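Chains as they are written, first to last, in our numbering: chain A, 45 to 372; chain B, 104 to 429. Quick notes on the structure that follows.
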């Protein structure tokens, strides 16, 4: 084993992995400024515009926070996109324009998220189904059930709930503050609680974690619940922003694959056990900056897609190329 | 080995049959029950014809899965091949003869890039082929300007659509079924009768051990991705013959191919996989869809059933492995 994987760590004071997300983020920011100046559009360099850029990727950010938890325990969740659609539709149908129903609707969405998360977690940890397959199957099931009942915009979100997406406190949108709060909360859980360190242990080496007395199944189920609840919140946010739920909003946003890409660009390792929440936030910022660069530069939308695919791979390669292990 | 199975009797040998064949047999019985016309050549030949692209795709996917990776890029590769063919042939029937080799080349090239990215940039194949999927989809849109136009000439659609008539025993054979037999036969031979197949299994099971045993891990992995890309291009050429030109012909095929391979007992993250069993998985998946169609169930229900089957198949495989201790 030592031949391939355990080259002794070099004692340099600078840990590349730790700073890589910031280096990438700095690079994206520099490119953004250069493109804005080069095309003579300095109006894009204001504080308000920065907030606007962030505002466009809040749903992705919330989903990615949850995705970070499952990837840290070496699992993955492909069901978030259809869960987002399902909770958005559920919430907007339950509310149906009446402010009195906001609390039941939010609870219903969160409970749905919890149930999906528990199911995913049990299938992965008890039935030992590969998480990719388990959550992919779950995604098909949710999307199928959803489109059996709903084929268009359904229900209506009352004005009082649209505050979640459109309200502002001072210069900051409420949703952005919410995302920041969620990230801080996630950071506290990962950094300072037993559950957090157990997650890193399970992700690093599940068998060793079990021998050390950690109830690994419980940790995996719990991180799946967190992920699904985050997706449910993202669904609530999108329902609030679009003023109604539709069965395609999750899959249209490609939230499943994009949230994984954001987490990985943020330096969390797909194999689990290494990474963190601030990397994910940096990944989200990088994604939205890249999108803004394309918009400012007026890149054609198809070419944008091509560049996006290349950038995702290049960003991951930026970390991975230094690793000595054999990947598949 | 033979001694043991003999002493354990006939019944203990039963579980050694890959369950996918049992599933397929049950499904076919159910289909015949629903629609007796299925035993006629028109019935089963049309079934095979419809299953051909997925079966070929699954045969390629098995290589990548057995080597320990995933190939998510084949669905959008199909789209690119169909759209690209319609742009290149430009309604000229004589163009088919050079367009098809170009498309096969695009398939191999896609696989080569996937393999190089995984091996040398060390990007996990899930992300590498995901990036390729997004990129190829974008390229298909760019090439067609967003709205694909024109039709594929009949010479191109020959492979997907035509029948060879007056064949003894079965009356007719669709060309796509012949392509299916040739390609899957070739892939099965490569996988189960040559060194390449053994090396693919070895690097999927334990890459470090394989390297120490002298296997060129990178070369084997790149070959697996190239075979998967080739299968995607062939499936695209067949699908171009069935259906019209659109920018979503390939959508969802990558997941169906993985489902088929997994139904056939291929082990995710590598080390175990069989081309004939993947063919069985692809046929079983198509049979399930056919059955749901006969039952008059709408598309959403098909999705739910596909999801349940996917989870159940893997859960069952894991259960069997725990029991047999392998």
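C-beta: ideal position from N, C-alpha, C; glycine also. Note that the structure is a prediction, hence the values are computed from the model and not measured.
Does residue i come out as helix, strand or coil in the three-state DSSP assignment?
i	result
residue 369 of chain A	coil
residue 184 of chain B	helix
residue 105 of chain B	With a pLDDT of 43 at residue 105 of chain B, under the threshold of 50, the modelled position of this residue cannot be trusted, and the question is left open.
residue 198 of chain A	strand
residue 84 of chain A	coil
residue 376 of chain B	coil
residue 311 of chain A	coil
residue 357 of chain A	helix
residue 172 of chain A	coil
residue 90 of chain A	coil
residue 244 of chain B	helix
residue 222 of chain A	helix
residue 121 of chain B	coil
residue 101 of chain A	coil
residue 224 of chain B	coil
residue 145 of chain A	helix
residue 296 of chain A	helix
residue 110 of chain B	With a pLDDT of only 46 at residue 110 of chain B, under 50, the local geometry of the prediction cannot be trusted, and the value read off the model is given with reservation. Note: residue 110 of chain B maps to helix in three-state DSSP.
residue 48 of chain A	Annotation note: pLDDT 46 at residue 48 of chain A (below 50); position unreliable, no value reported.
residue 233 of chain A	helix
residue 318 of chain B	coil
residue 180 of chain A	helix
residue 256 of chain B	coil
residue 371 of chain B	coil
residue 306 of chain B	helix
residue 242 of chain A	helix
residue 249 of chain A	coil
residue 297 of chain B	coil
residue 256 of chain A	coil
Could you list which residues in chain B have their beta carbon closer than 8 Å to that of residue i, in chain order?
i	result
residue 331 of chain A	Within chain B, no residue comes near residue 331 of chain A; the closest Cβ sits about 13 Å away, beyond 8 Å.
residue 272 of chain A	Under the 8 Å cutoff, chain B gives no residues; its nearest Cβ is about 16 Å from residue 272 of chain A.
residue 138 of chain A	Result: empty, since nearest Cβ-Cβ is about 21 Å, beyond 8 Å.
residue 178 of chain A	414 and 417
residue 167 of chain A	414 and 418
Which partner residues of residue i appear in the DSSP bridge assignment?
i	result
residue 268 of chain B	B/275
residue 216 of chain A	A/213
residue 289 of chain A	A/198
Taking residue i as the reference, give the member of the options with the closest Cα.
i	options	result
residue 170 of chain A	A/368, A/264 and A/275	A/264
residue 208 of chain B	B/139, B/334, B/354 and B/351	B/334
residue 268 of chain B	B/145, B/326 and B/282	B/145
residue 288 of chain B	B/126, B/276, B/235 and B/379	B/379
residue 183 of chain A	B/210, B/338, B/310 and B/358	B/358
residue 356 of chain A	A/273, A/305, A/228 and A/88	A/305
residue 346 of chain B	B/265, B/366 and B/382	B/265
residue 323 of chain B	B/384, B/128, B/293 and B/343	B/293
residue 103 of chain A	A/291, A/275, A/335 and A/347	A/275
residue 299 of chain B	B/122, B/170 and B/140	B/170
residue 373 of chain B	B/162, B/386, B/404 and B/310	B/310
residue 201 of chain A	A/64, A/252 and A/283	A/283
residue 389 of chain B	B/153, B/326 and B/202	B/153
residue 349 of chain B	B/173, B/255 and B/167	B/255
residue 386 of chain B	B/151, B/192, B/340 and B/141	B/151
Starting from residue i, trace the alpha helix (DSSP H) in both directions and tell me its first and last residue.
i	result
residue 149 of chain B	144-169
residue 356 of chain B	356-366
residue 275 of chain A	260-286
residue 30 of chain A	Only positions 45 to 372 of chain A appear in this structure, which leaves residue 30 of chain A out of reach.
residue 176 of chain B	No alpha helix (DSSP H) contains residue 176 of chain B, which DSSP labels as neither H nor E.
residue 339 of chain A	321-341
residue 141 of chain B	Per DSSP, residue 141 of chain B belongs to no alpha helix (DSSP H) and is neither H nor E.
residue 420 of chain B	402-427
Using the beta-carbon of each residue, which ones in chain A are nearer than 9 Å to residue i?
i	result
residue 274 of chain B	By Cβ distance, chain A contributes nothing, its closest Cβ being about 37 Å from residue 274 of chain B, past 9 Å.
residue 144 of chain B	None at all; the shortest Cβ gap to chain A is about 33 Å.
residue 233 of chain B	301, 304, 305, 353, 356 and 357
Which bits of chain B does residue i rub up against, with CB to CB less than 7 Å?
i	result
residue 111 of chain A	What residue 111 of chain A touches in chain B: nothing, since even the nearest Cβ is about 13 Å away.
residue 338 of chain A	By Cβ distance, chain B contributes nothing, its closest Cβ being about 12 Å from residue 338 of chain A, past 7 Å.
residue 171 of chain A	418 and 421
residue 198 of chain A	None at all; the shortest Cβ gap to chain B is about 15 Å.
Name, please, each residue of chain A whose Cβ falls closer than 8 Å to the Cβ of residue i.
i	result
residue 185 of chain B	Per Cβ cutoff of 8 Å: no residues; residue 185 of chain B is ~16 Å from chain A at best.
residue 245 of chain B	344, 346, 347 and 350
List, in order along the chain, the chain A residues whose C-beta lies closer than 7 Å to that of residue i?
i	result
residue 170 of chain B	372
residue 227 of chain B	314 and 371
residue 238 of chain B	350, 353 and 354
Taking C-beta pairs closer than 9 Å, name the residues in chain B that residue i reaches, listed in chain order.
i	result
residue 188 of chain A	402, 403, 404, 405, 406, 407, 408, 409 and 410
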